[in-house]
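Chemist:
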Amino acid sequence: MQDIPDKAAIEAAGLDILDRHMAALNAYDAKAMAALMHFPHPRLAEGKVTVYDGPDSNPMDLFDRLKAQDDWHHSEWNERELIQFNANKAHWRLVYTRFRTDGSVIGVYDSLYILTRLDGRWGIQSRSSFGP
Numbered sequence: 001m002q003d004i005p006d007k008a009a010i011e012a013a014g015l016d017i018l019d020r021h022m023a024a025l026n027a028y029d030a031k032a033m034a035a036l037m038h039f040p041h042p043r044l045a046e047g048k049v050t051v052y053d054g055p056d057s058n059p060m061d062l063f064d065r066l067k068a069q070d071d072w073h074h075s076e077w078n079e080r081e082l083i084q085f086n087a088n089k090a091h092w093r094l095v096y097t098r099f100r101t102d103g104s105v106i107g108v109y110d111s112l113y114i115l116t117r118l119d120g121r122w123g124i125q126s127r128s129s130f131g132p
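Just so we're aligned: the sequence shown equals residues 1 to 132 in the numbering used here.
This is how it looks when you write it as structure tokens:
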């Protein structure tokens with residue numbers, strides 16, 4: 001018989017990872033972001049799949065481009081919903097907003113993040129985003 005996963009614990013762990021991921025992103029801290037991921041780490045966006053093979057492969061060029069083109073300042077979660085899970089994997093439906101320095105909105109984007117528990121540690125395994 002399979003144990004029933006503890007939804008509250010999985011949800012709490014996921015929300016913690018997502019909070020720390022957003023804080024690291026807004027701090028422009030690639031090392032802190034990588035510490036919250038599992039590798040290889042595929043990202044689906046803009047019609048292509050990019051695979052980050054290890055902690056040093058998470059490029060910050062996207063944020064450099066967002067800063068230069070859109071005056072990106074920070075992002076915030078709007079919605080976070082645990083939609084499917086078992087004891088070692090969780091699918092999260094996410095909505096986030098990107099903001100400019102003056103506080104105006106660049107855009108609101110839907111995403112799906114897959115978090116996995118490997119060797120007892122939860123991390124972001126894969127991301128799919130409708131944003132750039």
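Idealized CB from N, CA, C, for every residue including glycine.
DSSP three-state call for N19: helix, strand or coil?
Modeler: Note that residue 19 is Asp in the sequence shown, not Asn. Residue state, collapsed to three classes: helix.
Chemist: Under DSSP, the alpha helix (DSSP H) around D119 begins and ends at which residues?
Modeler: Element bounds for D119: n/a, residue is neither H nor E.
Chemist: Can you list, in chain order, the residues of its chain whose CB lies under 8 Å from that of Q84, leaving out five sequence neighbours each side?
Modeler: A90, H91
Chemist: I believe H41 touches Y52 by the beta-carbon criterion, under 8 Å. Please report the beta-carbon distance rounded to the nearest angstrom.
Modeler: 4 Å
Chemist: Hey, out of R121, G120, F130, whose CA is closest to L112's CA?
Modeler: Nearest C-alpha to L112: F130.
Chemist: Is G107 helix, strand or coil when you go by DSSP?
Modeler: Of the three classes helix, strand and coil, the one that applies to G107 here is strand, per DSSP.
Chemist: Using only alpha-carbon positions, find the residue among N88, S57, A68 that is nearest to A35.
Modeler: With distances taken between Cα atoms, A35 lies closest to S57.
Chemist: Relative to the C-alpha of D3, which candidate in N88, T97, L94, A13 has its C-alpha closest?
Modeler: N88
Chemist: Near V49, what residues of its chain come up, given a Cβ to Cβ distance below 8 Å and the 5 sequence neighbours on each side ignored?
Modeler: P42, R43
Chemist: Might you give, ordered along the chain, the residues of its own chain that have their beta carbon closer than 6 Å to the beta carbon of D71, omitting 5 neighbours on each side?
Modeler: Non-local C-beta neighbours of D71 in its own chain, meaning closer than 6 Å and more than five positions away in sequence, comprise R100, T101, ordered along the chain.
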